[in-house]
Each structure stands twice: as structure tokens, then as C-alpha cells.
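K.L.:
What follows is a structure written as C-alpha cells; I'll ask about it next.
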Amino acid sequence: MRTGSLTGQVALITGAGRGIGREIAIGLAAEGMAVGLVGRTHGTLTDTLKECARRGSRGVAVTADVTRAGAVREAVRVVERDLGPIDLLINNAGLVDRAEVPLWETDANQWWQVIETNLRGPYNLLRCVLPGMVSRRRGRVVNLNSGFALRPDGHYTAYATSKGALLQLSDNMADSLARHGIVILDISPGAVETDMTAAMPMFKDTQTWGSIPYMVAVTVDAARGRFDGLHGRFIHAGRDDLEELVNRAAEIRAADARTLRMRPYKADDPMG
536 MRTGSLTGQV ALITGAGRGI GREIAIGLAA EGMAVGLVGR THGTLTDTLK
586 ECARRGSRGV AVTADVTRAG AVREAVRVVE RDLGPIDLLI NNAGLVDRAE
636 VPLWETDANQ WWQVIETNLR GPYNLLRCVL PGMVSRRRGR VVNLNSGFAL
686 RPDGHYTAYA TSKGALLQLS DNMADSLARH GIVILDISPG AVETDMTAAM
736 PMFKDTQTWG SIPYMVAVTV DAARGRFDGL HGRFIHAGRD DLEELVNRAA
786 EIRAADARTL RMRPYKADDP MG
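Basically our numbering = 1-based index in the sequence shown + 535.
Here it is as C-alpha cells:
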């Protein structure tokens, strides 16, 4: 239900020209949030901006490659100049391995491009956005992650490695961010139909996809603070019972659950 509950806040969304990023931007705009749209293609960003404006939202579109630190700094500067301090960062821009092949058959340049986009990209945004959040002692970060972060996959080694590293990055920052009132979450939308996922051979026979509108609703709820108790944790929007996770947030934190950890092989395993 649209309530305008995010009026007065500012979001920066990467990969906002198409797919999930576009829909998240429009969903946040419908709730009154001003939106900074970042992506590599001016035309698609402009289309998203028009849709956000139709919902009464202020916005700005900035063309930038998230892997380039200078371009990211400028994009953040423009968003803050035109819209104000950033309350919510959505790290959505991402790439996937071009072919389902084992590592020794991959294109080395494309493999590394996936890592740079999916890990260096969020780092560049975090490096530029977090100082402002820290100084204001408030803010939220949502990293669009994947179930690939949690399980090995021999055919998508770059994507799986980058998403696992992104989840580990969030875990490593969680304690220091909490001291400044900042929440970070890694949320997987599950298998939803986008240009990227539809082109993956593993999904060629998929008949039933997850819901992009549901992922948008989850992101809106994250912006409202519904999942703040799950700070630093992984949420799978496509599979989780979100109400249960929220209700058991204290238990999840106490058990150090929903993070990447080595499994002990016995009760007194020194690495447990």
C-alpha cells in the first residue's frame, strides 16, 4: 500500500536504467522518495526518471560506470547537490558470467569485469556515500545479492565469487556501521526475469519466475526500517518468511546466523 512514508528522503540506485533497479527506483518514487539514478546508459536512465516523475518524485539521472571511482564520486556529488543527503543506497548494478563454463575455459577479461562490477562497484559507492551517513549518524544500505553467494557453482565462478565477497564485505562492516546508526542488508530477489537472468542458460526452461513487484515491496520495507533488526544479515526475498525473520531478529543476531561462516567439523573445532 502506497503511503508516502518515504517523503523527504533520498535514495541512490545503481543500475537504475532497467530490470530490478528500474522497478525499485519507481517503487521508491511512488512512496515519495527522491531518487538519484545511476547507470551506464543515458537513454534508459532518462526513461526511468520520467516514470519516477509521473509518480510525483524529484529525481536526477547520472551516467556513470560504477567500477570507476572518479565517475562514482561525481555521480554522488550531483545527486547530493540536486536532491540532498543520501538516506538509502541501493547497490544493484551487476554482471554475470557470459557463458556457463568451468573457470579454465572462461574469458579472463570478462571474468574480471564481473568481479569489478559486482564488488568494486559497491565498494566505490560505499566509499563515497558512507562518510555522509556517518557524519549524520543515520542511513541504510541495501546490496542486491544472490543465492549464488551461499553455494558453490562451477559454471558461474565470477558471479558466485563476487556475490560471496559482497556478503562478506557487509559482514565485515556491520559492527562499525552499527556504531554510527547505519544499517546494511544483503537481499536476494531470487530468480526474477530480467535481461540478465533470461540470458543465462540455466534459466532457459524456467516457466515460473519470482516476482519483481514483491522485491520492490521488500526494498520499500527496508527503506522504512522494517528489517533494521537484521542488520548485517542475508535475506532471500524469494524464499524467506520475512515476518518470521523480523520476529526472530534478536535470536538470529545472538546465534550469529545469516552470515558466511566456516562450519566446525566437531564440537571443539578450533576454527568453529
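The C-beta atom is built at its ideal place from N, Cα and C for all residues, glycine as well.
Alpha carbon to alpha carbon, what distance is there between V751 and W744?
P.N.:
Reliability of the predicted coordinates at W744 is poor, the pLDDT of 43 falling under 50, and no value is obtained from them.
K.L.:
T696 lies in the beta strand (DSSP E); which residues open and close that run?
P.N.:
Run containing T696: none in the beta strand (DSSP E); it sits in the alpha helix (DSSP H), 692-713.
K.L.:
Using 10 angstroms around the beta-carbon of A802, count the other beta-carbons present and answer buried if the total reaches 16, otherwise exposed.
P.N.:
Burial call: exposed.
K.L.:
For T598, which residues does DSSP report across the bridge?
P.N.:
In the DSSP output, where bridge partners are listed per residue, T598 has G574.
K.L.:
Round the Cβ separation of N626 and T576 to the nearest angstrom and send it over; I've been treating them as touching at under 8 angstroms.
P.N.:
Actually they do not touch by this definition, with Cβ atoms about 18 angstroms apart.
K.L.:
Just list the beta strand (DSSP E) runs in the segment 611-657, keeping only unbroken ones of 3 residues or longer that don't cross its boundaries, in chain order.
P.N.:
Qualifying beta strand (DSSP E) stretches, in chain order: 623-626.
K.L.:
Which of the three DSSP states is assigned to R675 in this structure?
P.N.:
In this structure, R675 counts as strand in the three-state DSSP scheme.
K.L.:
In the DSSP assignment, find the unbroken alpha helix (DSSP H) run with T754 in it and report its ends.
P.N.:
That run of the alpha helix (DSSP H) goes 747-759.
K.L.:
Beta-carbon separation of T794 and D706 under 8 angstroms?
P.N.:
Yes, Cβ-Cβ distance for T794 and D706 is below 8 angstroms.
K.L.:
What's the call for D721, buried or exposed, on a 16-neighbour Cβ count within 10 Å?
P.N.:
D721 is buried by the Cβ-count criterion.
K.L.:
In angstroms with no decimal places, state the Cα-to-Cα distance between E651 and V597.
P.N.:
Distance between the alpha carbons of E651 and V597 is about 20 angstroms.
K.L.:
List the DSSP bridge partners of F683.
P.N.:
F683 pairs with nothing; no bridge assigned.
K.L.:
Who pairs with D721 in a beta bridge, going by DSSP?
P.N.:
Note: D721 sits in a beta bridge opposite N678, F769.
K.L.:
Once the 5 residues before and after A560 are set aside, which same chain residues still bring their CB inside 7 angstroms of it?
P.N.:
The answer, listed in chain order, is I548, A551, V570, L572, T583, C587.
K.L.:
Using DSSP with H/G/I as helix, E/B as strand and the rest coil, what is A802?
P.N.:
It is coil, neither helix nor strand.
K.L.:
Give the single residue among A599, D642, A757, N680 whose Cα lies nearest to the Cα of V718.
P.N.:
Nearest option by C-alpha distance: A757.
K.L.:
Could you check if L638 is buried or exposed, using at least 16 other CB atoms within 10 Å of its CB as the buried criterion?
P.N.:
Flag for L638 reads exposed.
K.L.:
Once DSSP output is grouped into helix, strand and coil, what is the label at A569?
P.N.:
The answer is strand: DSSP assigns A569 an E or B state.
K.L.:
Quick check on DSSP: helix, strand or coil for L547?
P.N.:
Strand.
K.L.:
My understanding is that V545 touches M568, with C-beta atoms under 8 angstroms, so please give their C-beta distance in whole angstroms.
P.N.:
Indeed, because the Cβ distance is near 7 angstroms, the residues count as touching under 8 angstroms.
K.L.:
From G656 to A643, what does the alpha carbon distance come to, in whole angstroms?
P.N.:
One C-alpha to the other measures close to 19 angstroms.
K.L.:
Once the 5 residues before and after R633 are set aside, which same chain residues still bring their CB inside 6 angstroms of it?
P.N.:
Within the same chain, R633 has close Cβ partners Q645.
K.L.:
Under three-state DSSP, which class holds G591?
P.N.:
Note: G591 maps to coil in three-state DSSP.
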